[in-house]
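For the sequence shown, my numbering begins at 1 and goes up steadily by one.
Note that the Cβ used here is the ideal one computed from N, Cα and C, for glycine as well.
Heads up, the thing below is written out as structure tokens.
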Amino acid sequence: MSPHPSSGRVPLSPADVKALDRNAEALGVPTAELMENAGLAVAFAVKERWPEGTVVVVAGPGNNGGDGCIAARALHEAGRAVYLLVVGAEEGMKSEVAQDALDEAEEAGVKVLLYTDPNLDDLIDEADIVVDALLGVGVHGALRPPFDRVVAHLSDHEAPIVAVDLPTGHGTDTPLVATLTVTMHDVKDDMDPEICGEIVVADIGIPEEAQTHVGPGDLLTRYPRSEDTGHKGDHGRLIIVGGGPYSGAPSLTALGAMMTGLDLCHLILPADAASVARHNLLEAIVVTLAGHRFGIEHVDTVVDHMDDADALVIGPGLGDAPETVEAVRETCLIAKQKGIGMVLDADALRWKDAKELLSLGAILTPHAGEFKRISGKELPQEDDETRIDIVRTWIGDSDTTILLKGAPDLIITKDQVSRNVTHHPVMTTGGTGDVLCGVVGALLSRGCSPFDAARLGAYINGAAGLLAYEDQSYGVRAGDVAGRIPFILAEDLNA
């Protein structure tokens with residue numbers, strides 16, 4: 001497999017890399033296949049640029065080292081003199097797939113040595129080419145022994161160094177300076193030719209959908225974990241304002257939020273909706289508003305709770321009474337002044353002034369009909385690229401995030417786009433959009449960026465719907481979808 005020039009996309013962070021690997025696996029491309037392709041790409045680069053000479057592959061205990069083991073095997077099978085020096089793996093490689101790569105290299109006849117004796121530095125001195133497969137992306141802080149000693153020795157070595165994905169120590173004060181870096185799939189954050197040397201990007205078979213579509217890898221790497229030293233309220237405090245003519249909607253929103261994981265959920269609701277919530281949601285803090293609709297007279301009550309909130313969800317079940325629409329506007333403008341993240345759903349998407357709505361920098365969750373109402377723009381039925389262009393044009397330079405509900409869901413900001421295809425037709429049942437709204441709100445309250453909250457929320461809600469369908473067929477209700485959310489979190493966050 002031949003490396004190809006950089007794609008020119010936004011550089012990948014360590015979290016992006018981990019997400020891509022997991023997403024690719026979910027799409028049917030196992031990590032072992034990606035590792036095989038990565039190692040072959042490194043071997044190709046070595047053979048192409050240095051057709052002769054002894055190669056020493058210095059491999060760490062992780063998957064970067066696994067790439068190096070495969071490169072060593074491929075070079076050996078091509079007739080090159082190869083030594084594989086494994087560092088930091090006295091008790092074996094850290095992953096099964098990397099251990100398999102090491103075992104296969106040894107079975108193929110590669111000379112494998114463990115870095116346990118300082119005299120092995122002499123082996124490095126005899127190398128004509130060194131392949132650096134010690135540590136890949138995500139290294140922080142100072143290099144630890146024995147990696148610091150190996151890097152220090154290699155830094156004094158005159159042979160060309162070929163780095164796998166990134167030079168070891170990239171991002172630290174003592175990086176290894178490479179002659180050539182073969183980086184996988186796309187360029188990584190802060191790749192500098194002064195450290196990386198010549199940079200080539202190897203296509204290792206990651207499907208395009210692993211990057212363009214939200215998947216389990218994104219949830220694994222982007223969901224904000226709770227701190228061991230945290231206290232009640234540290235991991236998400238959400239206000240939900242809704243209810244009126246539709247009394248169950250805000251309770252479904254709260255259920256979705258709580259199933260997604262947050263510490264405190266305040267529901268601020270008119271009397272009928274508050275009664276429903278009190279009887280069904282023991283964990284929620286319910287504030288009852290006088291009357292049967294949300295109105296201007298209730299805005300101060302919501303504002304009084306904002307200082308104890310990380311995010312605000314507003315809209316589920318509110319209805320379209322003029323006084324409610326104006327109360328939503330006043331509430332959101334104050335939340336904006338206080339710097340509180342917002343999710344606007346359903347009846348909260350009835351603004352007359354689109355420019356004012358966009359100024360909130362909120363997450364908006366319309367379907368195509370609601371988008372037409374707030375923007376005046378009609379979206380085509382099946383042309384996703386045109387849909388994206390229309391939404392982006394309407395967003396302009398604002399910090400708005402649009403979660404355009406459909407099949408697929410499109411999550412769009414002024415500079416980012418993601419698609420979600422976890423969905424089932426049974427999710428047209430009433431209330432599933434309310435659950436989605438709560439999931440997004442919970443993620444926002446936990447500290448996700450608006451873009452991540454929207455795309456992870458769409459994925460979680462859709463995956464939960466698919467799981468509910470497996471169990472209940474066409475008898476799925478919105479509450480059933482919410483009830484499956486913890487199972488999706490357990491599967492993907494513990495991967």
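- Runs of alpha helix (DSSP H) with 4 or more residues, each lying fully within the stretch 423-484, are found at 432-446, 450-472, listed in chain order.
- Three or more pairs of CB atoms, one per stretch, sit closer than 8 Å, so the stretch 212-223 contacts the stretch 18-26.
- Taking all protein chains shown into account, lysine 338 has fewer than 16 neighbouring C-beta atoms within 10 Å of its C-beta and is therefore exposed.
- DSSP places arginine 144 in the coil class of the three-state scheme, outside both helix and strand.
- Annotation for alanine 290: no beta strand (DSSP E) segment contains it, and DSSP assigns it neither H nor E.
- Inter-residue distance for aspartate 103 and leucine 84 is about 12 Å (C-alpha atoms, whole angstroms).
- Taking 8 Å as the cut-off, the Cβ atoms of threonine 181 and proline 167 count as close.
- Counting only unbroken stretches of 3 or more residues, the beta strand (DSSP E) elements lying wholly within the stretch 218-271 are 237-241, 264-270, in sequence order.
- Our two residues, methionine 259 and isoleucine 485, have alpha carbons roughly 6 Å apart in a direct line.
- Between the stretch 262-273 and the stretch 241-254, the count of C-beta pairs closer than 8 Å reaches three or more; the two stretches touch.
- For valine 214, the secondary structure class from DSSP, reduced to helix, strand or coil, is coil.
- The stretch 285-295 makes no contact with the stretch 414-431: fewer than 3 CB pairs, one atom from each, lie closer than 8 Å.
- By the Cβ test, the stretch 76-91 is not in contact with the stretch 202-209, since fewer than three Cβ pairs between them sit closer than 8 Å.
- The criterion of a C-beta distance shorter than 8 Å is not satisfied by valine 131 and valine 87.
- Leaving aside the five residues that flank glycine 138 on each side, the residues in its chain whose CB is nearer than 7 Å to its CB run, in chain order, Pro14.
- Fully contained in the stretch 145-187 are the following alpha helix (DSSP H) runs of length 4 or more, in chain order: 147-155.
- By the criterion of a C-beta distance shorter than 6 Å, alanine 81 is surrounded in its chain by Thr54, once the five residues flanking it on both sides are discounted.
- Annotation for glutamate 77: the continuous alpha helix (DSSP H) segment containing it runs 63-77.
- Excluding sequence positions up to five before and after serine 247, its CB lies within less than 6 Å of the CB of Asp272, Ala273, Val276, all in the same chain and listed in chain order.
- Membership of alanine 368 in the alpha helix (DSSP H) is indicated by the continuous run 368-375.
- Rounded to the nearest whole angstrom, the CA to CA distance from aspartate 308 to aspartate 300 is 14 Å.
- If you ignore the 5 residues before and after serine 375, its C-beta comes within less than 7 Å of the C-beta of Ala354, Trp394, all in its own chain and listed in chain order.
- Across the structure, valine 391 and glutamate 90 are spaced so that their CA atoms are roughly 54 Å apart.
- Going by C-alpha positions, alanine 32 is about 26 Å away from valine 10.
- In the three-state reduction of the DSSP assignment, leucine 349 falls in the coil class, being assigned neither a helical nor a strand state.
- Excluding sequence positions up to five before and after histidine 235, its CB lies within less than 8 Å of the CB of Pro224, Ser226, Glu227, Gly261, Leu262, Asp263, Arg446, all in the same chain and listed in chain order.
- Note that the C-beta distance between proline 175 and isoleucine 161 is not below 8 Å.
- Taken through DSSP and simplified to helix, strand or coil, valine 302 comes out as helix.
- Taking C-beta separations shorter than 6 Å and ignoring five residues to either side along the sequence, the partners of glycine 441 in its chain run Leu238, Ala257, Ala311, Val313, Val343, following chain order.
- Taking each of Asp173, Glu470, Ala249 in turn and checking the Cα distance to alanine 478, the smallest one comes out for Ala249.
- When only Cα atoms are considered, alanine 468 and phenylalanine 487 end up about 10 Å apart.
- Scanning the stretch 33-59 for uninterrupted beta strand (DSSP E) segments of 3 residues or longer gives 55-59, listed from N- to C-terminal end.
- Approximately 3 Å separates the beta-carbon atoms of glycine 68 and alanine 133; this is inside 8 Å, confirming the contact.
- Checking the DSSP bridge columns, you'll see leucine 113 partnered with Leu85.
- Of all alpha-carbon atoms in His185, Gly171, Asp203, the one lying nearest the alpha-carbon of aspartate 192 is that of Gly171.
- Residues Arg222, Tyr223, Pro224, Leu456 of the same chain have their beta carbon placed closer than 8 Å to that of cysteine 448, with the five preceding and five following residues left out of the count.
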